[in-house]
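S.K.: In this text, residue positions in the sequence shown follow the working numbering: the first is 5, and each later residue adds one.
We put the beta carbon where it would ideally sit given N, CA and C, even for glycine.
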Amino acid sequence: MSQTPTPMYRRILVKLSGEALMGEDSYGINRKVIEQIVGEIKQVAELGVQIGVVIGGGNIFRGIAPAASGMDRATADYMGMLATVMNALALKDAMSKAGLVARVQSALAMQQVAEPYVRGKAMQYLEEGKIVIFGAGTGNPFFTTDTAAALRGIEMGADVMLKATKVDGVYTDDPKKNPDAVRYQSLTFDEAIARNLKVMDATAFALCRDQQFDLKVFSIFKQGALKRVVLGEDEGTLVHC
Ligand SMILES: Nc1ncnc2c1ncn2[C@@H]1O[C@H](COP(=O)(O)OP(=O)(O)OP(=O)(O)O)[C@@H](O)[C@H]1O
Ligand SMILES: O=c1ccn([C@@H]2O[C@H](COP(=O)(O)O)[C@@H](O)[C@H]2O)c(=O)[nH]1
Numbered sequence: 005m006s007q008t009p010t011p012m013y014r015r016i017l018v019k020l021s022g023e024a025l026m027g028e029d030s031y032g033i034n035r036k037v038i039e040q041i042v043g044e045i046k047q048v049a050e051l052g053v054q055i056g057v058v059i060g061g062g063n064i065f066r067g068i069a070p071a072a073s074g075m076d077r078a079t080a081d082y083m084g085m086l087a088t089v090m091n092a093l094a095l096k097d098a099m100s101k102a103g104l105v106a107r108v109q110s111a112l113a114m115q116q117v118a119e120p121y122v123r124g125k126a127m128q129y130l131e132e133g134k135i136v137i138f139g140a141g142t143g144n145p146f147f148t149t150d151t152a153a154a155l156r157g158i159e160m161g162a163d164v165m166l167k168a169t170k171v172d173g174v175y176t177d178d179p180k181k182n183p184d185a186v187r188y189q190s191l192t193f194d195e196a197i198a199r200n201l202k203v204m205d206a207t208a209f210a211l212c213r214d215q216q217f218d219l220k221v222f223s224i225f226k227q228g229a230l231k232r233v234v235l236g237e238d239e240g241t242l243v244h245c
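1) If you count every other CB in all the chains shown that lies within 10 Å of the CB of Y129, and 16 or more means buried, which is it?
2) Quick one: using the 10 Å Cβ neighbour count with 16 as the cut-off for buried, is F146 buried or exposed?
3) Give the list of continuous beta strand (DSSP E) stretches no shorter than 3 residues that lie fully inside the region 50-120.
4) Measuring CB to CB, does A126 end up less than 8 Å from G141?
5) When DSSP builds the beta bridges, which residues end up paired with R15?
6) Would you be able to state if there are at least three C-beta pairs under 8 Å between the region 23-37 and the region 77-89?
7) Note the first and the last residue of the continuous alpha helix (DSSP H) segment covering G228.
8) Just to check my reading of the structure: A118 and S110 have Cβ atoms closer than 8 Å, yes? What is that Cβ distance to the nearest angstrom?
9) For E50, does the count of other Cβ atoms within 10 angstroms reach 16, so buried, or fall short, so exposed?
10) To the nearest angstrom, report how far apart L93 and V108 are at their CA atoms.
11) In three-state DSSP terms, what is I33?
12) Quick one: is A71 buried, meaning 16 or more other Cβ sit within 10 Å of its Cβ, or exposed?
13) Below 6 Å CB to CB, which residues in the same chain sit around T148 once its five sequence neighbours on both sides are set aside?
14) With DSSP as the reference, label K125 as helix, strand or coil.
15) Does the region 183-193 come close enough to the region 227-235 to have 3 or more Cβ pairs within less than 8 Å?
16) In this structure, how does DSSP classify G43 when only helix, strand and coil are distinguished?
17) Near A113, what residues of its chain come up, given a Cβ to Cβ distance below 7 Å and the 5 sequence neighbours on each side ignored?
18) Give the residues whose C-beta lies closer than 5 Å to at least one heavy atom of ligand 1, in chain order.
19) Answer yes or no: the CB of D150 versus the heavy atoms of ligand 2, is any distance below 7 Å?
20) Around the Cβ of I41, are there at least 16 other Cβ atoms within 10 angstroms (buried) or fewer (exposed)?
Set out below in structure tokens:
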């Protein structure tokens, strides 16, 4: 009989790129992709790891995108936050279909659609083995869902933030734009900030650094990568204090 491997973490906060949900499409949520991502998360849930998820909204709307140009920035940011709630609902639906129990909590009040964010309740769900999806980012304009992920992860007492994105780690430059960029095995938050690495915004890096909350960046499109990260195997880039 094969033994269940021991995870490195008891509780994790996964930041899921909204853009990743598009797959090869130019907008929105690709059904196959969301099912595949849920499959990756399920593998980790089956290890008994407690999982919180913050989802981005870049596949639908960003406050700084061309579609928002000419708009009041705060209004555009609220639209971006609403986009993340749409993604959160789609993710919960896909999780339920895959046999996972998940709850959505929103940082913006919309009681007919999602529970409000209540820290104690979210912690209770995690203890019960339910996956908690945090929608609407921080609930404040001028922030990003990366910062929301750092914030919720720290509030939840998670062991680590796992940034599941389209690239397989942190590079010396954006690997989508610069083919000569080289991947880091690990680096410090101070290095990431000083080198202005755009894989995550500086506010999120600084919050992680100040609260000593480690970050792993890895590709959600690489099969089994999330599980390998959770098992402490060599995968992605570690950003630490
Ligand atoms: N130095 C770097 N190393 C790695 N990726 C980088 C770097 N600089 C920029 N990037 C880009 O950052 C992206 C990762 O960010 P992420 O997937 O979270 O995007 P996002 O804009 O926050 O998405 P969303 O808003 O949809 O959640 C990668 O797709 C990559 O192209
Ligand atoms: O705390 C937050 C989080 C997000 N926003 C707005 O939502 C979009 C989408 O989030 P991404 O992190 O880019 O995926 C973002 O561009 C902001 O406009 C926010 O205002 N506050």
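M.R.: Looking at the coordinates:
1) Taking the first residue of the sequence shown as position 1, residue 129 is located at position 125. Buried: at least 16 other Cβ atoms inside 10 Å.
2) In the sequence shown, residue 146 corresponds to position 142, counting from 1. Burial check for F146: the Cβ neighbour count within 10 Å stays below 16, so the residue is exposed.
3) Segments of the beta strand (DSSP E) lying fully in the region 50-120: 54-59 and 106-110.
4) On the sequence shown, residue 126 is found 122 positions in, with the first residue counted as 1. On the sequence shown, residue 141 is found 137 positions in, with the first residue counted as 1. Not a contact, by the Cβ cut-off of 8 Å.
5) For the purposes of this step, residue 15 is taken as residue 11 along the sequence shown, with counting starting at 1. Answer by DSSP bridge pairing, in chain order: Q54.
6) Output reads no: the region 23-37 does not touch the region 77-89.
7) Within the sequence shown, residue 228 is the residue found at index 224, counting from 1. First-last for G228: undefined, no H or E at that position.
8) Position 114 of the sequence shown, counted from the first residue, corresponds to residue 118. Position 106 of the sequence shown, counted from the first residue, corresponds to residue 110. Contact flag correct, Cβ pair sits at about 4 Å.
9) Translated into positions along the sequence shown, residue 50 becomes position 46. Exposed.
10) Against the sequence shown, residue 93 aligns to sequence position 89. Against the sequence shown, residue 108 aligns to sequence position 104. Distance from the CA of L93 to the CA of V108, rounded to the nearest whole angstrom, comes to 7 Å.
11) By one-based count along the sequence shown, residue 33 stands at place 29. Three-state result, I33: coil.
12) Counting from 1 along the sequence shown, the entry for residue 71 is found at position 67. Exposed, by the Cβ-count rule.
13) Here residue 148 corresponds to residue number 144 of the sequence shown, with the count starting at 1. Contacts found: D205.
14) Here the question's residue 125 lines up with position 121 in the sequence shown. Reduced to three states, the DSSP call for K125 is helix.
15) Taking 8 Å as the limit for Cβ pairs, the verdict is that the region 227-235 does not touch the region 183-193.
16) The sequence position of residue 43 within the sequence shown is 39, counting from 1. Correct three-state label for G43: helix.
17) Your numbering for residue 113 matches position 109 in the sequence shown. Answer for A113: P120, listed in chain order.
18) The filter returns S21, G22, E23, G60, G62, T169, K170, V171, V174, Y175, D178, K180, L201, K202 and V203, in chain order.
19) In the sequence shown, the residue the question calls residue 150 occupies position 146. Distance from the C-beta of D150 to the nearest heavy atom of ligand 2 is below 7 Å.
20) The count along the sequence shown starts at 1 and reaches residue 41 at position 37. I41 comes out buried.
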